[in-house]
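Q: Got a structure here, written out as structure tokens. Questions coming.
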Amino acid sequence: EPEVTQTPSHQVTQMGQEVILRCVPISNHLYFYWYRQILGQKVEFLVSFYNNEISEKSEIFDDQFSVERPDGSNFTLKIRSTKLEDSAMYFCASSEGRAVYGYTFGSGTRLTVV
Amino acid sequence: ILNVEQSPQSLHVQEGDSTNFTCSFPSSNFYALHWYRWETAKSPEALFVMTLNGDEKKKGRISATLNTKEGYSYLYIKGSQPEDSATYLCAFCDRGSTLGRLYFGRGTQLTVWP
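If you read the protein sequences in the order shown, they are chains A and B.
Here the first sequence is numbered in the numbering used here, starting from 1 and rising by one per residue.
Here the second sequence is numbered in the numbering used here, starting from 1 and rising by one per residue.
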């Protein structure tokens, strides 16, 4: 069964450093998402991406965050200057269509900012 | 921010017991309701996507119902097995979202004892 692949599975970074989280969505999916879960809290939406541009972003997704689909297969989330409160599990997801299909999630990248 | 609530927070049952949990969501601007099964150290896996009031979906021993007018969905597991142990997440999609932003509940953590 097709999978969404995320790398790395765990990343530790110093506060203020830049991190790039990588995702390979399912090849025939057109809609891409990043979500995150801070320990003990709900899974929360960050951004959606379609046709090579951001479609919707949450209040969390400020200027420190950016997304890119550089080569037609990878989908990346960059955090420019990490803060302690960015520590969370970050999930990439892809879908065939807007919310009428289930999303396929990756297994996540656990980001720890120290 | 739209609020999605799930109850109970956790549930411990014996193998063979049937169980059910609740997801409540805003009753206006409904577009879709997702259920996911999330095992520890794995990625959330889509169980059902429900879009119509009165929808009932079934997959093996698991079924779900939807009431959009009153804003709730039930997930039922008949004859629970230890392999059903997981966190069950529901997620609401609002009609106003351009690309299917999901609002998640905190989940119900199910443990099935042999």
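Note that beta-carbon positions come from the ideal geometry of N, C-alpha and C, so glycine has one too.
Report yes if the C-beta distance between valine 112 of chain B and glutamate 39 of chain B is below 8 Å; otherwise report no.
A: no
Q: Does the beta-carbon of leucine 66 of chain B have 16 or more other beta-carbons within 10 angstroms, so that it is buried, or is it exposed?
A: That one is buried.
Q: Does histidine 12 of chain B pass the burial test, meaning 16 or more other C-beta atoms within 10 Å, or should it be called exposed?
A: exposed
Q: Using 7 Å as the cut-off, classify the Cβ of serine 10 of chain B as near or not near the heavy atoms of the ligand SAM, replying yes or no.
A: This structure lacks the ligand SAM; in fact it carries no ligand of any kind.
Q: I'd like to know if glutamate 56 of chain A contacts chain B, where contact means its C-beta is closer than 8 Å to some C-beta of that chain.
A: yes
Q: Output needed in chain order: residues of the segment 91 to 108 of chain A with a Cβ under 9 Å from some Cβ in chain B.
A: Phe91, Ala93, Ser95, Gly97, Arg98, Ala99, Val100, Tyr101, Gly102, Tyr103, Thr104, Phe105, Gly106, Ser107, Gly108
Q: Which residue or residues does DSSP assign as beta-bridge partners of tyrosine 31 of chain B?
A: Paired residue(s): none; tyrosine 31 of chain B is not in a bridge.
Q: List the DSSP bridge partners of alanine 99 of chain A.
A: According to DSSP, alanine 99 of chain A bridges with nothing at all.
Q: Can you list, in chain order, the residues of its chain whose CB lies under 6 Å from that of proline 114 of chain B, leaving out five sequence neighbours each side?
A: Glu15, Pro82
Q: Taking the beta carbon of valine 43 of chain A as the centre, do at least 16 other beta carbons fall within 10 Å, making it buried, or is it exposed?
A: The residue in question, valine 43 of chain A, is buried, as its Cβ has 16 or more Cβ neighbours within 10 Å.
Q: Three or more beta-carbon pairs under 8 Å between the segment 1 to 8 of chain B and the segment 82 to 92 of chain B, yes or no?
A: yes
Q: Does DSSP put leucine 47 of chain B in a helix, in a strand, or in coil?
A: strand
Q: Excluding the 5 residues flanking glutamate 96 of chain A on each side, which residues of the same chain have their C-beta closer than 6 Å to its C-beta?
A: His29
Q: What are the complete beta strand (DSSP E) segments, minimum 3 residues, inside the segment 74 to 104 of chain B?
A: Taking only runs of at least 3 residues, the beta strand (DSSP E) segments lying wholly in the segment 74 to 104 of chain B are 86 to 94, 102 to 104.
Q: Does valine 43 of chain A have its Cβ less than 8 Å from a Cβ in chain B?
A: yes
Q: Buried or exposed, going by whether 16 or more other CB atoms sit within 10 Å of the CB of serine 43 of chain B?
A: Burial of serine 43 of chain B is indicated by the presence of at least 16 other C-beta atoms within 10 angstroms of its C-beta.
Q: Buried or exposed for isoleucine 79 of chain A, going by 16 or more other Cβ atoms inside 10 Å?
A: Buried, by the Cβ-count rule.
Q: Of the choices B:Thr108, B:Arg101, B:Leu47, whose alpha-carbon is the least far from that of glutamate 56 of chain A?
A: B:Arg101
Q: Does any C-beta atom of chain B lie closer than 8 Å to the C-beta of serine 27 of chain A?
A: no
Q: Spatial neighbours of glutamine 11 of chain A within its chain, please: C-beta separation below 8 Å, excluding the five flanking residues on both sides.
A: Closer than 8 Å at the Cβ level, and outside the excluded window around glutamine 11 of chain A, lie Val19, Leu21, Thr109, Arg110, Leu111, Thr112.
Q: Where do the ends of the beta strand (DSSP E) carrying serine 48 of chain A lie?
A: Note, serine 48 of chain A: beta strand (DSSP E), 43 to 50.
Q: Comparing alpha-carbon positions, which option in B:Gly60, B:Phe92, B:Ser24, B:Leu75 lies nearest threonine 51 of chain B?
A: B:Phe92
Q: Is the distance from the Cβ of tyrosine 33 of chain A to the Cβ of alanine 46 of chain B below 8 Å?
A: The answer is no: Cβ separation not under 8 Å.
Q: Using a cut-off of 9 Å between C-beta atoms, extract the partners of serine 48 of chain A located in chain B.
A: Ser97, Thr98, Leu99, Gly100, Arg101
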